[in-house]
Amino acid sequence: MKRQRQKKVDSNQIEGANEFSTDWEIEKYHQDFEPDDHWQLKRRFIEMHKKNFPEDKLVCLAQVFTNMEFMGCKYPAETMRMVAELSKDVAKNFRAERANRLKRTFVTASDAAEARAKGRRKT
Numbered sequence: 002m003k004r005q006r007q008k009k010v011d012s013n014q015i016e017g018a019n020e021f022s023t024d025w026e027i028e029k030y031h032q033d034f035e036p037d038d039h040w041q042l043k044r045r046f047i048e049m050h051k052k053n054f055p056e057d058k059l060v061c062l063a064q065v066f067t068n069m070e071f072m073g074c075k076y077p078a079e080t081m082r083m084v085a086e087l088s089k090d091v092a093k094n095f096r097a098e099r100a101n102r103l104k105r106t107f108v109t110a111s112d113a114a115e116a117r118a119k120g121r122r123k124t
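Each residue of the sequence shown is one higher than the last, beginning at 2 in this note's numbering.
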């Protein structure tokens, strides 16, 4: 049984590196239905790698990254490794920002009603 070695992504070894146009607008890929935090993360990913990949491939990888990050989507192992390596810095910064945001607390309806009733009795 042959073992496959994990390959580390090296932007200098990308096929056709820098043999493509980087003169395109990132903003044209912002979808109206896309939440702002999803777009900000996707835009950072694209900005970071715009000089390393052709436009169509990079936009695809950026969408895969946001699908993995926000929706927990799974892809073939090689794709998952590649996107994980490419997104390391972007994801780390995003997760740190997200950790500092306000946390939501969910309570059951019965607990909320009980707390409200207790509050009314005190006044």
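The beta carbon of each residue, even a glycine, is placed where N, CA and C say it ideally should be.
Legend entry - 8 Å Cβ shell around Ile27 - same chain, five flanking residues per side excluded: Leaving aside the five residues that flank Ile27 on each side, the residues in its chain whose CB is nearer than 8 Å to its CB run, in chain order, Arg44, Ile47, Glu48, Lys51.
Inset, instruction - Give me the Cα-Cα distance between Trp25 and Ser111, rounded to the nearest whole angstrom. - result: Distance between the alpha carbons of Trp25 and Ser111 is about 54 Å.
Legend entry - Contact under 8 Å by Cβ, Val60 with Tyr30: Contact check for Val60 against Tyr30 passes: the beta carbons are separated by less than 8 Å.
Inset, instruction - Output the distance between the C-alpha atoms of Gln14 and Asp38, rounded to the nearest integer angstrom. - result: In this predicted model, Gln14 has a pLDDT of only 44, less than 50, meaning its place in the structure is not dependable; the value taken from the coordinates is given anyway. Rounded to the nearest angstrom, the two C-alpha atoms are 31 Å apart.
Inset, instruction - Please name the residue, chosen from Arg99, Met83, Arg96, that lies closest to Lys58 on a Cα-to-Cα basis. - result: Of Arg99, Met83, Arg96, the residue nearest in Cα terms is Met83.
Inset, instruction - Quick one: give me the first and last residue of the alpha helix (DSSP H) that Phe95 is part of. - result: Element bounds for Phe95: 89 to 100.
Inset, instruction - Give me the Cα-Cα distance between Arg117 and Ala100, rounded to the nearest whole angstrom. - result: Cα to Cα, Arg117 sits roughly 30 Å from Ala100.
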